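Asker: My structure is below; once you've seen it, I'll send some questions.
Protein chains in written order, with the numbering used here: chain A, 1 to 336; chain B, 1001 to 1210.
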């Protein structure tokens, strides 16, 4: 068998074609594959800093709309708890032609900084310090979300007391650790105990066994002065005044501060009953209380106020607990 | 024999160089990966698996299309938050892509369940888009870097009605996916073989003529 002279070239051509085809087939471009992200090394923050700013802006807008309309039906969209009760009462007072004391907080919440807890599951919360409101004091705004399907709602807007400074916390992006209500690790007292003891101090004043554990503060002074003035007036006419401050169950929120202490927020219920002299003539109620009571005069009146307070709880041996912020207002009045 | 080998190198090099050039130009893979999923019964939500948005390229462009009278919602949120939002909601999960670059499709997983709630009410979203009939949202890959645990996208309508029937994602291909992996090696090998072959042919030609 003889081979033609062109055989080598044919073989070379076939070889080149086979090489190219092999390269083409072997190297077909493939689809990228999904890479599952690594599990987070720490519990993530409840919201990202930019997300927190958007949430505060949305809540602020909703609050402004509700306040402008004076419509309590608009409040549940972005408020809950004490803030909703206080605002609804203020709307009712305004509707009755009286001038509500106001919560002291701004309707337009300009966030200055936020404390974003590292927390799994729901309910969740975060704190934002905002520009001064009507009382020209910055507010510590507490926002809570009850489930993944519900928005963050403003739960409280206590105003910072004059001269106080917030304990340092980690930057918003770094997040802050949550302290459980009954956790007293490295603290002078657990957050819930702090709130309960402060309620006792508000009720009993200097006679409370817990009074030495708290630094003096302007709010406590105002409450004591108000109670003293009312007691004096009622006693002079033969009447009486009883009042109690008590922690609202399940309202304690706390985050760890950089010094190892905690920033604690809680809601208190302040109930005061004033009773005129037996057989005496009905007294004239304050216009705000009259608006909530639905009557101008009464011989007895029970006023329920809600209070939101925030404390700086120092680490063990770190000194007394400091009240940082407070707000309060009447939410209901029962008069007869 | 040396002359045959030289010609072989010359022709093979030429073929490789031409093939590589074609793969880099007219036969180059598409520069974008466009994947779409249409379902008559997607459930209340269509949700991507963690990592899918960062499949490739600098960002993922999402589009959800429902009927003309549907208010369509598209949102991106942390994966664990969306899982909490979904709960036992009926849904279609887009878990990955399959096929090839010319005709890709989503891998899907359908989960039966109940309705959810209006996604617009929730605050879990890092980015959202809404629209009548359709909504589009571009999620930059860089935005996911700071979010621990990864992010996912969710398409829905009002949280109780059926989700948008069609969800599409487009990625700009980068790296190995953006060009045929054999193209550059073919050109390089082709040029080398071509040069060696040419030298061989010249040398063997001189010897033959002398």
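C-beta atoms are modelled at their ideal positions from N, C-alpha and C, and glycine is treated no differently.
If you're wondering where the values come from, they're calculated on a predicted model, not measured in any experiment.
Please work out which residues of its chain come closer than 6 Å, Cβ to Cβ, to residue 271/A, disregarding the five sequence neighbours upstream and downstream, and give them in chain order.
Answerer: These residues qualify, in order along the chain: 244 and 304.
Asker: Please compile the residues from chain A whose C-beta is within a distance smaller than 8 Å of the C-beta of residue 1099/B.
Answerer: By Cβ distance, chain A contributes 31.
Asker: Let me make sure I understand the geometry here. Which of 1025/B, 1042/B, 1016/B and 1074/B has the alpha-carbon closest to that of residue 1133/B?
Answerer: When each option's Cα is compared against that of residue 1133/B, the closest is 1074/B.
Asker: Quick one: grab the DSSP three-state call for residue 1004/B.
Answerer: Of the three classes helix, strand and coil, the one that applies to residue 1004/B here is helix, per DSSP.
Asker: Within this structure, are the beta carbons of residue 1020/B and residue 1192/B separated by less than 8 Å?
Answerer: The answer is no: Cβ separation not under 8 Å.
Asker: Below 8 Å between beta carbons: does that hold for residue 190/A and residue 200/A?
Answerer: No, these two residues do not count as a Cβ contact at 8 Å.
Asker: Would a C-beta distance cut-off of 8 Å place residue 1095/B and residue 1110/B closer than the cut-off?
Answerer: No. Outside cutoff.
Asker: Do residue 1017/B and residue 1194/B have their C-beta atoms within less than 8 Å of each other?
Answerer: Yes. Within cutoff.
Asker: How many whole angstroms separate the CB atoms of residue 1064/B and residue 1117/B, which I take to be in contact at a CB cut-off of 8 Å?
Answerer: The pair is not a contact, with the Cβ atoms about 18 Å apart (cut-off 8 Å).
Asker: Quick check: the Cα distance between residue 1123/B and residue 1050/B, rounded to an integer number of angstroms?
Answerer: Straight-line Cα distance between these residues: approximately 19 Å.
Asker: So, residue 1204/B versus residue 1006/B, is the Cβ gap smaller than 8 Å?
Answerer: A contact, by the Cβ cut-off of 8 Å.
Asker: Can you list, in chain order, the residues of the stretch 1045 to 1069 of chain B whose Cβ is nearer than 8 Å to any Cβ on chain A?
Answerer: Taking 8 Å as the Cβ-Cβ cut-off against chain A, the residues of the stretch 1045 to 1069 of chain B that qualify are 1049, 1050, 1051, 1052, 1054, 1055 and 1056.
Asker: Which one of 1163/B, 1105/B, 1159/B and 1081/B has the shortest CA to CA distance from residue 1037/B?
Answerer: Nearest option by C-alpha distance: 1105/B.
Asker: Does the stretch 86 to 98 of chain A come into contact with the stretch 257 to 274 of chain A, if we say contact requires no fewer than three beta-carbon pairs (one atom in each stretch) closer than 8 Å?
Answerer: Counting Cβ pairs under 8 Å, fewer than three are found: no touch.
Asker: Can you list the residues of chain A that residue 1117/B reaches, using a CB-CB cut of under 7 Å?
Answerer: Within 7 Å Cβ-Cβ: 149.
Asker: Go ahead and label residue 99/A buried or exposed: buried means 16 or more other beta carbons lie within 10 angstroms of its beta carbon, across all protein chains shown.
Answerer: When all chains shown are included, residue 99/A counts as exposed.
Asker: Indicate, with yes or no, if the ligand MN has a heavy atom lying under 7 Å from the CB of residue 154/A.
Answerer: As far as ligands go, the structure on display features none, and thus does not contain the ligand MN.
Asker: Within the 8 Å Cβ cut-off, does residue 44/A reach chain B?
Answerer: Yes, residue 44/A counts as interfacial toward chain B.
Asker: Out of curiosity, what's the CA-to-CA distance linking residue 1168/B and residue 1139/B?
Answerer: Approximately 13 Å between the Cα atoms of the pair.
Asker: Scan the stretch 1085 to 1131 of chain B and note each continuous beta strand (DSSP E) run of 3 residues or more that stays entirely inside, going in chain order.
Answerer: Within the stretch 1085 to 1131 of chain B, the complete beta strand (DSSP E) runs of at least 3 residues are 1091 to 1100 and 1103 to 1111.
Asker: Return the residues of the stretch 219 to 239 of chain A that lie within a Cβ-Cβ distance of less than 9 Å from chain B, sorted by chain order.
Answerer: Residues: none.
Asker: Keeping to the same chain, check which residues put their C-beta closer than 7 Å to that of residue 186/A; ignore five residues upstream and five downstream.
Answerer: Correct list, in chain order: 260, 315 and 316.
Asker: Kindly list the residues whose CB is nearer than 6 Å to the CB of residue 322/A, restricted to its own chain and excluding five residues on each side of it in sequence; keep chain order.
Answerer: If we look at residue 322/A and ignore the five residues flanking it on each side, its Cβ neighbours are 215 and 312.
Asker: When you compare the stretch 253 to 267 of chain A with the stretch 275 to 285 of chain A, are there three or more beta-carbon pairs, one atom per stretch, that lie closer than 8 Å?
Answerer: These segments do not touch.
Asker: What residue range is occupied by the uninterrupted alpha helix (DSSP H) comprising residue 281/A?
Answerer: Run containing residue 281/A: none; DSSP gives neither H nor E here.
Asker: Between which two residues does the alpha helix (DSSP H) containing residue 295/A stretch?
Answerer: Note, residue 295/A: premise wrong, no alpha helix (DSSP H); not H, not E.
Asker: Do the CB positions of residue 299/A and residue 280/A come within less than 8 Å of each other?
Answerer: Yes, Cβ-Cβ distance for residue 299/A and residue 280/A is below 8 Å.
Asker: With a Cβ-Cβ cutoff of 8 Å, do residue 75/A and residue 69/A count as a contact?
Answerer: Not in contact: residue 75/A and residue 69/A (Cβ atoms no closer than 8 Å).
Asker: For residue 145/A, decide whether its Cβ has a neighbour in chain B, counting only Cβ atoms nearer than 8 Å.
Answerer: By this cut-off, residue 145/A is an interface position.
Asker: Can you give me the start and stop residues for the beta strand (DSSP E) that residue 268/A sits inside?
Answerer: Where residue 268/A is concerned, the enclosing beta strand (DSSP E) stretches over 262 to 275.
Asker: I need the DSSP call for residue 1185/B, collapsed to helix, strand or coil.
Answerer: Helix.
Asker: Between which residues of its own chain and residue 122/A is the CB-CB distance below 7 Å, once the five residues before and five after are set aside?
Answerer: Once the five neighbours on either side are set aside, the close Cβ partners of residue 122/A are 145, 146, 147 and 148.
Asker: What does DSSP give as the partner residues of residue 242/A in its beta bridges?
Answerer: Residue 242/A pairs with 273/A.
Asker: Could you check how far apart the C-beta atoms of residue 1092/B and residue 1152/B are, in whole angstroms? I think they sit under 8 Å.
Answerer: No, residue 1092/B and residue 1152/B are not in contact; Cβ-Cβ is about 13 Å, not under 8 Å.
Asker: With 9 Å as the limit, tell me which residues of the stretch 1118 to 1151 of chain B have their beta carbon closer than that to any beta carbon of chain A; keep them in chain order.
Answerer: Taking 9 Å as the Cβ-Cβ cut-off against chain A, the residues of the stretch 1118 to 1151 of chain B that qualify are 1118, 1119, 1121, 1122, 1123, 1124, 1125, 1126, 1144, 1146, 1147, 1148, 1149, 1150 and 1151.
Asker: Check this for me: beta carbons of residue 113/A and residue 139/A, under 8 Å apart or not?
Answerer: Cβ atoms of residue 113/A and residue 139/A: not closer than 8 Å.
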